[in-house]
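2 protein chains.
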Amino acid sequence: MIQQRIHKIQASLRGRGLDAILITEPSNRRYLSGYTPADHGIQESSGVLLIPKKGGPFLLTDSRFELQAKEEAAGFRVELYRKGLSLLLKTLLPSLDVKRLAFESHYMLHSSVGRMETVLGKQVELVPLTGLVEQLREVKSEEEISLLRASVRRNEEVFQQALGRIKTGITEIDLALALDTTMRQHGAERPSFDTIVAFGANAAKPHAVPSNRVLQENELVLIDMGLVLDGYCSDMTRTLFHGQPDSMFLERLRTARKAQLAAVKAIRAGAVCRDVDQAARQVINDAGYGRCFGHGLGHGVGLAVHEAPRLSPRCRKRLRAGMIVTIEPGIYIPGWGGIRLENMAVVRDNGCELLNEDTTGLDL
Amino acid sequence: MIQQRIHKIQASLRGRGLDAILITEPSNRRYLSGYTPADHGIQESSGVLLIPKKGGPFLLTDSRFELQAKEEAAGFRVELYRKGLSLLLKTLLPSLDVKRLAFESHYMLHSSVGRMETVLGKQVELVPLTGLVEQLREVKSEEEISLLRASVRRNEEVFQQALGRIKTGITEIDLALALDTTMRQHGAERPSFDTIVAFGANAAKPHAVPSNRVLQENELVLIDMGLVLDGYCSDMTRTLFHGQPDSMFLERLRTARKAQLAAVKAIRAGAVCRDVDQAARQVINDAGYGRCFGHGLGHGVGLAVHEAPRLSPRCRKRLRAGMIVTIEPGIYIPGWGGIRLENMAVVRDNGCELLNEDTTGLDL
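Line by line, the protein sequences are chains A and V. At position 67 of the first sequence (counting the first as 1) the number is 67 in this note's numbering, and the numbers step up by one without a gap. At position 311 of the second sequence (counting the first as 1) the number is 1311 in this note's numbering, and the numbers step up by one without a gap.
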């Protein structure tokens, strides 16, 4: 699997007249090597792949990661840098006859490129490139889809198990903590993003951060959660009502669910991303909440929790079979709260395959 | 406090003939604004500060963060971008008469700079700058030192509470999870880095990732943990023995502790960073473990868990009073395991003030 991916990259390099590429983006690195560590921020890389246009690839890292690199990145030659990446490249590139070196412009700091230019001098031409590996990653193999399905299912199990914790008096922080703990007890590597738990008016922020707010009787509860299992991410949002739902909550929940179903209907291979967004957005507009839905409808999910494609009002790309997207319409009203419903789906030739169970209990 | 920091930056801009600076690095952003969200990776920024050489500063973000930005960043004008930072800047900069705009080259992607250049055109000169805010952050005020002391103490409390969990049969993952959960129950925002728990030979990796390895009788246990409290990070490593410590463990532990004490003696305002590293390294070399200590002795800690200064064999900077550093000598032996002891200290005029209690129980 990994070898096939490397071969595709190498063919692409040869087609572009490039001698090698540096892979710095962590999900791309894992996709092409099996090497699992996350970066502690872009300034503290766990390693970089150097893939020449032919021949065996290299994993460049520092001594802290040597053992893990050798264990995980089968087929890669591990080289250690002691004084930074640029100096290692300066000794390594001539032996590989690399004159044109591509780098991931979208995951390389401006200052790091400057440093490489200074150290490597005129003998190596640095060529910015974006999206080469991301394009490969957009369409998932059935093996990857199985891993994503497992991640989604595990996430739903965690959610179900934590439902019993939603009681008057619990804080947002404690509920988020219970979710995170349950994820890890269920074998997740980590949450795929900072778990969002928001009660009542706090849910008006699409990216609310859990606070010490205490749950009251008759408040809405928004939970946006995902986990990483075998490298693959899940992402799901549920909005519940703690108590007896009032008619305003139900109307808005129904609107969000209708918008979600409209998008589900619109998704198939060949559909334009922004048309899918519009299908959901129209429902929200028609209900009078057009100004209350400020973000795009969804995004791709895979090794990264946010990846291509984007279901946004501006994206003119067409969906392809094997892509995975979230469908997450929202209605946010300052002072009142927010509704968001988010499921994941696989794009298929004639429609889509939902990875999540609906739990709204609405009969639409 | 924040206003003084802004004024220092503005004076520095005027001194360099710059009209404004974009602050993208998350800890710098928090330091200068009080705006707390972390970034979900550099590709998903929670916002950017625009600080003109005089007049009020701006916080540029998207609608997801609008409420939080307005709540937290007092004195900042919040502007929202809908179609990316560059287009907002294109409309905002002329009204501020900005012709020379600095940006943080060490926290701006190569591709983002390219995009700004394209959108802003020739009317704005982009000037790469690194370290302006980081330099301010290196020396902590007594108020910041109090926050760091509180973070360290909280971290020690969490460690003490979790000690009871170290029992034959627990896995590295479960012990790490217990630590993380206890951190959050004790009010931490989050761990300041991925908690490291390594048993036996796993501890030979300085950045070991917790695994399903089960703790056996008579194994060493390495724990490297830290938390974020009110924005400020702690970072501490302890190496224990589960069972009756053997003489090899004790000899290596003693060597690491002696190295740590040698560094403590060497730290004072004016000391050169690499001399402090060398003081510890010499002890380890003399004991015959020179090749088993592959990383630097320590690093600064503040809003970021790894910041300037670096106590490394290459750093020629001098320590200044009010800097905070870790002192973390290590001995790593593949197949056997590893020892690391890490405490934090404040650099003072005539020595250093340790923020951690020693828990090795060694009488040296």
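Backbone N, C-alpha and C fix where the C-beta goes; we use that ideal spot for every residue, glycine too. Please read all numbers here as calculations on a predicted model, not as lab measurements.
- For Lys1205 of chain V, the residues of chain A that pass the 9 angstroms Cβ criterion are Arg64, Phe65, Glu66, Leu67, Gln68, in the order they occur in the chain.
- Between Ser312 of chain A and chain V, the shortest Cβ-Cβ separation is not below 8 angstroms.
- Distances from the alpha-carbon of Gly47 of chain A to those of A:Lys53, A:Val283, A:Leu59 put A:Leu59 closest.
- Not one beta carbon of chain A lies nearer than 8 angstroms to the beta carbon of Leu1132 of chain V.
- Judged by their CB atoms, Ala203 of chain A and Gly337 of chain A are nearer to each other than the 8 angstroms cut-off.
- Under the Cβ criterion of 8 angstroms, Val301 of chain A is not counted among the residues facing chain V.
- Under the three-state reduction of DSSP output, Ile9 of chain A falls in the helix class.
- Counting the other Cβ atoms within 10 Å of the Cβ of Pro206 of chain A gives 16 or more, which makes it buried.
- Of the residues A:Leu92, A:Gly187, A:Ile166, the one whose Cα lies closest to the Cα of Ala1176 of chain V is A:Gly187.
- Closer than 8 angstroms to the CB of Phe1241 of chain V there is not a single CB belonging to chain A.
- With the criterion set as a beta carbon lying under 9 angstroms from some beta carbon of chain A, the members of the segment 1033-1051 of chain V are Thr1036, Pro1037, Ala1038, Asp1039, His1040, Gly1041, Ile1042, Gln1043, Glu1044, Ser1046, in sequence order.
- Across the segment 99-129 of chain A, CB contacts with chain V closer than 9 angstroms involve Phe103, Glu104, Ser105, His106, Tyr107, Met108, Leu109, His110, Ser111, Ser112, Val113, Gly114, Pro128, in sequence order along the chain.
- For Glu1104 of chain V, there is no enclosing alpha helix (DSSP H); the enclosing beta strand (DSSP E) covers residues 1100-1104.
- In the DSSP assignment, Leu1067 of chain V falls within the alpha helix (DSSP H) that extends over 1066-1072.
- Under the Cβ distance rule, Ile1173 of chain V counts among the residues neighbouring chain A, one pair being separated by less than 8 angstroms.
- Residues of the same chain with a CB within less than 8 angstroms of the CB of Tyr81 of chain A, apart from the 5 flanking positions on each side, are Leu60, Thr61, Asp62, Leu87, Leu88 in chain order.
- Taking the beta carbon of His1295 of chain V as reference, the chain A residues within 9 angstroms of it are Asp62, Ser63, Arg64, listed in sequence order.
- Within chain V, the C-beta atoms nearer than 8 angstroms to that of Pro334 of chain A come from Leu1067, in chain order.
- A distance below 8 angstroms separates the beta carbons of Ile1023 of chain V and Leu1032 of chain V.
- In the three-state scheme derived from DSSP, where H, G and I count as helix and E and B as strand, Asp1277 of chain V is classed as helix.
- Around the beta-carbon of Ser111 of chain A, 16 or more other beta-carbon atoms lie within 10 Å, marking it buried.
- Contact between the segment 228-237 of chain A and the segment 294-314 of chain A is present, with at least three C-beta pairs closer than 8 angstroms.
- The beta-carbon of Thr181 of chain A is placed less than 8 angstroms from the nearest beta-carbon of chain V.
- The DSSP-derived three-state label of Leu1129 of chain V is strand.
- Distance from the CA of Arg348 of chain A to the CA of Arg238 of chain A, rounded to the nearest whole angstrom, comes to 25 angstroms.
- Per the DSSP secondary-structure output, Leu261 of chain A pairs with nothing in a beta bridge.
- Checking the DSSP bridge columns, you'll see Arg190 of chain A partnered with A:Val228.
- By the Cβ neighbour-count rule, Thr255 of chain A is buried, with 16 or more other Cβ atoms within 10 Å of its own.
- Counting only the Cα atoms, Ile1021 of chain V lies some 28 angstroms from Leu1319 of chain V.
- Here the alpha carbons of Lys83 of chain A and Leu93 of chain A stand approximately 16 angstroms from one another.
- Measuring C-alpha to C-alpha distances from Arg153 of chain A to each of A:Lys140, A:Met236, A:Ser95 identifies A:Met236 as the nearest.
- Apart from sequence neighbours up to five positions away, the residues of its chain that approach Gly243 of chain A with a beta-carbon distance below 8 angstroms are Glu217, Asn218, Glu219, ordered along the chain.
- With respect to the 8 angstroms criterion, Glu1025 of chain V and Glu1104 of chain V are classified as neighbours on the basis of their beta carbons.
- The criterion of a C-beta distance shorter than 8 angstroms is satisfied by Arg100 of chain A and Gly17 of chain A.
- When 9 angstroms is used as the limit between beta carbons, Phe159 of chain A is near no residue of chain V, the shortest such separation being about 18 angstroms.
- Nearest C-alpha to Phe1065 of chain V among V:Gly1055, V:Tyr1035, V:Lys1090: V:Tyr1035.
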